[in-house]
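Counting the sequence shown from 1 gives a position; the numbering used here is that position plus 8. No residue lacks a Cβ here, since even glycine has one placed at the ideal position from N, Cα and C. Since the model is a prediction, treat every value here as computed from it, not as a measurement. A short write-up of the structure that comes next.
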Amino acid sequence: MDNRDNELRDKIMLLKDQKKAIILVHNYQLGEVQDIGDFVGDSLELSQKAAGTDAEVIVFCGVHFMAETASIICPDKTVLLPDLHAGCPMADMITAEKLREKKAEHPGATVVCYVNTTAEVKAESDICCTSANAVRIVEGIDTGEIIFVPDQYLGHHVSSKTGREMILWPGFCPTHTRILPQHILERKREHPGAKVVVHPECRPEVTALADEVLSTGGMVRFTREIEAGEIIVGTEVGILHRLRKENPDKKFIPASEQAICPRMKLITLENVLWSLQEMRHEVKVPEDIRLKARAAVDRMLAYG
Ligand code: 13P
Ligand code: SF4
9 MDNRDNELRD
19 KIMLLKDQKK
29 AIILVHNYQL
39 GEVQDIGDFV
49 GDSLELSQKA
59 AGTDAEVIVF
69 CGVHFMAETA
79 SIICPDKTVL
89 LPDLHAGCPM
99 ADMITAEKLR
109 EKKAEHPGAT
119 VVCYVNTTAE
129 VKAESDICCT
139 SANAVRIVEG
149 IDTGEIIFVP
159 DQYLGHHVSS
169 KTGREMILWP
179 GFCPTHTRIL
189 PQHILERKRE
199 HPGAKVVVHP
209 ECRPEVTALA
219 DEVLSTGGMV
229 RFTREIEAGE
239 IIVGTEVGIL
249 HRLRKENPDK
259 KFIPASEQAI
269 CPRMKLITLE
279 NVLWSLQEMR
289 HEVKVPEDIR
299 LKARAAVDRM
309 LAYG
C-alpha cells in the first residue's frame, strides 16, 4: 500500500466503525481492497459470513449477485455495493422468464442454480449452490431430472463427479473460458514439478489437466496445506495476491495472465470510501422475490 492507499484506508476504517459496518471482500478483488477487508473469501464463505454478522451495514466488495445474496439473507441490514456496474456477465446469461420456459419443458425437474444468478432466478430455483458445494448438493438430490443453471462448465464438472446427467444451461464465465488447455500445458512445461489447481468454471479440457478442481476458498486451503513449492493457478488472477501473501515460501504461477474479471476490478478504495460516506449503492430485493430466493439459499446454507 502506498501513502494514498494508507490515507484512504484510515478514512475507511474510521467511517466503518462509525457506521457499524463490516467489509466483505471476494478473493478476486484488487489487492489493496482485499487488505482492508474484515473477511476475504469465496462466494459460500461470504454468504455464511453475511448470515452470521451483527454489523448494521455490509459493504460488499465483489459483484452484484453477491451483494444481492447478502441482502436476501439479511433483509434488515443495509447492503452496499460501491459500484453498480460491478455485475457478473454469466449471471446475466439467464433470466427468470427463460428459466420458467425451461421448467415448463421439464415439469417436476429439480432446479439447481449457481449463486452467480439474479435474485429473480434464485426465486425460480429449488436450491442454490456455489462452486464449493455444488457436487455435494447435487449428490443430495435423490431422483428425477435436474436443471442446472447457468454455468455449463460447472454443471459439466458436477456431472462428471456425481455421475448425474443434468440439463445444462449454456452459460459460461467469460474470464475463466479465456484459460485454454495450451496455457496449462505451457505452464507445466515451464514448471514440471508444479501442482495445477483450477476453478470449475474453466472448460472441461482445462479441468481435465488439473490436479485439483476447487472453489477459490478451496484453493486457499489446498495451497496452505500442500508441500509443493510451485502451484499453477487456473482462475481469476486477483486470488494470487492472497495466495502469495499467505504462502511466502511457495511460488504461484497464473495459468493465464489474461484471466481478469473486469467487473470485479471496478471496486476500489476510492469507491469503498464513497460508498460508506454516501451509503450507496444500496442493494435490496423486493420482498416477494426475496422470500422465494431465500428458500433456495437457505437450503444451500443448511448443507454447511
Ligand atoms: P468462488 O469464489 O465461489 O469459487 O466463485 C468464483 C466466482 O467466479 C465468483 O464470481
Ligand atoms: Fe462472473 Fe466470471 Fe467475473 Fe466470477 S469471474 S464474477 S463468474 S464473470
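Notebook entry, point to check: Do you know offhand how far K300's Cα is from E132's?
Noted result: By one-based count along the sequence shown, residue 300 stands at place 292. By one-based count along the sequence shown, residue 132 stands at place 124. Rounded to whole angstroms, K300 and E132 show a C-alpha spacing of 7 angstroms.
Item checked: alpha helix (DSSP H) runs wholly inside the stretch 243 to 295, at least 4 long, in chain order -> Taken in chain order, the complete alpha helix (DSSP H) segments of 4 residues or longer contained in the stretch 243 to 295 are 247 to 254, 277 to 286.
Item checked: Three-state secondary structure assigned by DSSP to N204 -> Counting from 1 along the sequence shown, the entry for residue 204 is found at position 196. Reading off the sequence, residue 204 comes out as Val, not Asn. Three-state result, V204: strand.
Note to self: On the DSSP letters alone, give me the boundaries of the beta strand (DSSP E) that V71 sits inside.
What the structure shows: For this step, residue 71 is matched to residue 63 along the sequence shown. Here V71 belongs to no beta strand (DSSP E), and DSSP marks it neither H nor E.
Notebook entry, point to check: Since V214 and I187 are thought to touch, with beta carbons under 8 angstroms apart, how far apart are those beta carbons, to the nearest angstrom?
Noted result: Along the sequence shown, read from residue 1 onward, the residue named residue 214 stands at position 206. Along the sequence shown, read from residue 1 onward, the residue named residue 187 stands at position 179. V214 to I187, Cβ: 6 angstroms. Contact.
Next item on the list: Reducing DSSP to helix, strand and coil, say where H34 ends up.
Entry: As a position in the sequence shown, residue 34 is number 26, starting the count at 1. H34 falls in the strand class under three-state DSSP.
Next item on the list: Report the partner residues of A29 according to the DSSP bridge assignment.
Entry: Position 21 of the sequence shown, counting from 1, holds the residue named residue 29. Per DSSP, V65.
Next item on the list: List the residues that DSSP assigns as beta-bridge partners of C137.
Entry: Translated into the one-based positions of the sequence shown, residue 137 becomes position 129. Assignment of beta-bridge partners to C137 by DSSP yields Y122.
Note to self: Using DSSP's beta-bridge definition, name the partner residues of T86.
What the structure shows: Against the sequence shown, residue 86 aligns to sequence position 78. DSSP, once it has assigned bridges, lists V65 as partnering T86.
Notebook entry, point to check: If we call anything under 7 angstroms between Cβ atoms a contact, is P158 one with M101?
Noted result: Numbered from 1 along the sequence shown, position 150 holds the residue referred to as residue 158. Numbered from 1 along the sequence shown, position 93 holds the residue referred to as residue 101. Judged by beta-carbon spacing, M101 lies within the 7 angstroms limit of P158, meaning their Cβ atoms are closer than that value.
Notebook entry, point to check: Among A218, D84, P208, which one has its Cα closest to the Cα of Q190?
Noted result: As a first step, residue 190 is located in the sequence shown; it is residue number 182 there, counting from the start. Of the candidates A218, D84, P208, the one whose C-alpha sits nearest the C-alpha of Q190 is A218.
Note to self: Tell me which residue opens and which closes the alpha helix (DSSP H) that I145 is part of.
What the structure shows: Working through the sequence shown from its first residue, we reach residue 145 at position 137. Looking at the DSSP string, the run of the alpha helix (DSSP H) that includes I145 is 142 to 147.
Check: How far does the beta strand (DSSP E) with G49 in it reach, from first residue to last?
Finding: Counting from 1 along the sequence shown, the entry for residue 49 is found at position 41. First-last of the beta strand (DSSP E) with G49: 47 to 49.
Notebook entry, point to check: Which word fits E64, buried or exposed, when buried means at least 16 other C-beta atoms lie within 10 angstroms of its C-beta?
Noted result: Taking the sequence shown and counting its residues from 1, the one referred to as residue 64 is at position 56. It is exposed - the Cβ of E64 has fewer than 16 other Cβ atoms within 10 Å.
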